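Below you'll find the structure, written out as structure tokens, and then a few comments.
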Amino acid sequence: MTFDTAEKLNTALDSDPFSRRNSVKDLASSLETVKEDTSFRSGVARLSICEDDEARQKIMQKLSRSGSEEALEDSNVSRPDMRSKRRRRRSSALSTLSAGGAKKIQRELSSQSLTAVPKRKKKKASVNASLSFPSETLKEKISMKDVREFVTFIFDHRSTSPTWLQINHAKNISKAVVLFVPGLQPSDFCEVNGDEADANAETHLKSTYLKTLESNELKHAFYRLMLSAPGSKNTIYSPYNSFVNVSLTKKEREQKREELASRKITLYDLLMSPDQLIENEYPIHPLTPGVSPDMRDVLQKQALGDEGEWVETKSLQHDDPHTFAVDCEMCKAKEGLVLTRVSVVDFDCNLIYDSLVKPSVPIIDYLTKYSGITEEKLRNVTTTLKDVQNKLLELVSADDVLIGHSLQSDLNALKLKHPRIIDTATIYEHKAGPPFKPALRYLASEYLHIDIQNNDLIGHDSFDDAKACMELTKLKLVNGLGFGVGTNSENLFQRLARQDIRSLCLNDYAPKQCQLATDKKNLEMKINCQTDEDITDNIISNMESRDLFVGRLRELEFSRGYATPSPDVSVVSEDIALRSLGERIERIYKSCPPSAAMIVCSGTGDTRDWLRIMGEINKLDREERANERKKLEIEIKAAVTKARNGIALVAIKDEDIPIVQ
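Residues in the sequence shown are numbered from 907 upward in steps of one, following this note's numbering.
Shown next, in the form of structure tokens:
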């Protein structure tokens, strides 16, 4: 081996893996002449280009023997010859490669392959996402399930791929905005170009646009599709509920059942979390388990403004925490619902407190059908709300557990805050799934096999209702967390949260205390918005921090009589509502980043006939309703068909589309 070759070899061994690979390749021709030579230098040369572990081991053994033999020869030569030999080794540029050095080389070669090339990061694709549609989409209506699967696939490519459209460069979509706009009608759209309508699926679906869109570019951005609202030939279901409830696979259902059934539970496993209390509009006690110090400070400041009307349970000297079930009856006053009766039972369903209550304001409707309260029953009652509060504070400790059905209504009527709550409307589920809540009458019939609240003449009995709540809770303890809940679906926002997808839900029924949420990641965020303008502003202001936005714009719904707003909501004309809708869609679209998905759907068609018929039927007694439905069967089917014909608009934002202000 020449001096130059040896120098190249040392350089190759000292360099980084990527450079070493190229250097060694350059040495290949120089080292091809190295055969089965047992000399130390030849062994090192062969070792540097050897990639087989077994071959390396054999070479190292030879190097070790060679090193020993050379050391022995050095000990037998005269001193001048030794100096000469050392000089000769220095001139070869390989004198540093002793047996120990060779082992060092072997270790390095074993840990770093000469053929390994560092991976280079791929540049992020700059191609905009886009949509394409099969011809079948023109003939068939899509469903809310299809819309949900589209949104789910955007954030989770392992989920079911939508069949009604193809997403090109789907990985480039990072955000999605879904707007429910009840009240949209086919008459709100006009033709773009009739000559292009039948050219292909894409141009056909873009052949109409929303009249009130001002931007010419944006008019061509949305595909318009036919939407079928969830329901049957005789009824319609909630489009929103269909969108947010994701059906579980058979494997997921079995896994969920096994997890719920295998765990033994106590009362404390059924307590509502702070987030659940907030979600269900409960008054929050500062000692609620799970409340953060910051949240506790906010609650204590709120309590200072209660002006003595509200009270909080305190810790009492009980031997052990007690368990009570509470139910109240209310009547209607001008100021709202007021307390007129309260009943409390212990764990054994013994009645330990029961009192009628005289409201401090005049009653305008006794609601006897529901409350069981009459003017005669309250005529000689002198017990006030303050009297009831004082009694409950003596009876119930902050360490005790209170049970009830939608107990927030009772606690708000009592103006009482308590930290440990079990709600039978939460630990049991509605057969249609969340966000619906099961009725106590249904739960008592289904699981306790008893009839309560079945006499419209005498109304409800708070004692019976409290006992039913206690028995339902004990039944849950015996049968486990999986008892009385559905295992067929889960919430879309919760499912996406497991992948750190940050969602924002905006509507007029979100919890007003949502700013007190305790989720550290705050992945599932809700904002209570009373106007469409509030929803639009919140979507735009949170665009950078959130991934999925779901909102319900109701201005058009109210203007067309699809729903009745609360008295404090002002209703605008249809023209103003439509114009404002177009402006808000454009503002939201402009705020979206390139390749963001935007979906605008009516959810349902024209529901006015359906709502009118059902309103008339619901005024009748329970026995008469079935007969009336049968009598109006043809009219009901026609109204349902009309109500299920909806509209959906779908777009992917094009980076180059400017928005005209």
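No residue lacks a Cβ here, since even glycine has one placed at the ideal position from N, Cα and C. This one's a predicted model, so the numbers in the text were calculated from it and none came from an experiment.
Just reading off the beta strand (DSSP E) that residue i is part of, what are its end residues?
i     : result
S888  : Here the chain has residues from 907 to 1567 only, and residue 888 is not among them.
C1234 : 1229 to 1239
F1095 : 1095 to 1097
E1480 : From DSSP, E1480 is part of no beta strand (DSSP E) but of the alpha helix (DSSP H) over 1480 to 1497.
N1151 : 1151 to 1153
T1114 : 1114 to 1116
V1307 : 1307 to 1310
N898  : Because the chain in this structure spans residues 907 to 1567, residue 898 falls outside the shown range and cannot be described.
I1052 : Note on residue identity: the sequence assigns Asp, not Ile, to residue 1052. First-last for D1052: 1050 to 1061, but that is the alpha helix (DSSP H), not the beta strand (DSSP E).
I1327 : 1327 to 1329
D1271 : 1269 to 1271
State the beta-bridge partners of residue i as determined by DSSP.
i     : result
M1504 : V1083, A1557
M1132 : I1553
L1387 : The partner list for L1387 (beta bridge, DSSP) is empty, contrary to what the question assumes.
F1455 : V1083, L1410
L1037 : I1073
V1248 : C1234, S1261
E1430 : S1409
G1242 : A1239
K1323 : E1218
Cβ of residue i within 8 Å of Cβ of residue j?
i     : j     : result
H1191 : E1218 : yes
E1335 : G1390 : yes
Y1495 : L1071 : no
L1291 : C1237 : no
V1232 : L1346 : no
E1578 : V1152 : For residue 1578 there is no data in the structure shown, the boundaries of the chain being 907 and 1567.
T1442 : R1490 : yes
L1454 : S1409 : yes
C1255 : M1376 : yes
F1230 : I1309 : yes
A1035 : A1082 : no
S1479 : S1501 : no
T1246 : S1277 : yes
L1044 : Y1129 : no
R1054 : L1398 : yes
A1135 : R1514 : no
I1171 : A1503 : no
A1167 : G1388 : yes
S1067 : F1059 : yes
D1316 : P1227 : no
From residue i to residue j, what does the alpha carbon distance come to, in whole angstroms?
i     : j     : result
S1121 : L1111 : 18 Å
F1056 : L1320 : 46 Å
R1518 : P1088 : 16 Å
G1100 : P1189 : Note that G1100 scores 49 on pLDDT, short of 50, meaning its location in the model is unreliable; the coordinates nonetheless yield the value given after this. Roughly 58 Å between the two C-alpha positions.
W1516 : R1535 : 12 Å
C1411 : D1175 : 28 Å
N1140 : E1530 : 18 Å
E1160 : T1393 : 8 Å
K1323 : E1430 : 26 Å
E1097 : H1366 : 57 Å
K1406 : S1451 : Here residue 1406 is Asp; the residue named in the question, Lys, does not match the sequence. So the alpha carbons of these two residues sit roughly 12 Å apart.
N1286 : L1262 : 10 Å
P1473 : K1543 : 32 Å
P1145 : S1093 : 21 Å
D1203 : E1282 : 45 Å
G1552 : V1546 : 12 Å
R1401 : L1257 : 43 Å
L1381 : P1344 : 16 Å
A1469 : I1184 : 26 Å
S1447 : V1302 : 45 Å
A1403 : N1413 : 20 Å
K1548 : K1047 : 14 Å
P1268 : N1147 : 39 Å
T1109 : A1127 : 11 Å
N1318 : R1493 : 39 Å
D1440 : K1275 : 38 Å
Just reading off the alpha helix (DSSP H) that residue i is part of, what are its end residues?
i     : result
D1443 : 1438 to 1447
A1523 : Correcting the residue identity first, residue 1523 is Ile in this sequence and not Ala. Segment 1514 to 1524, the alpha helix (DSSP H) holding I1523.
### Message
Closer than 8 Å is the cut-off here; do at least three beta carbon pairs connect the region 1343 to 1362 with the region 1242 to 1253?
### Response
no
### Query
Would the region 1163 to 1183 and the region 1196 to 1207 be scored as touching if the rule is three or more Cβ pairs under 8 Å?
yes
### Message
Counting beta carbon pairs with one atom in the region 1502 to 1516 and one in the region 1544 to 1563, are three or more of them shorter than 8 Å?
### Response
yes
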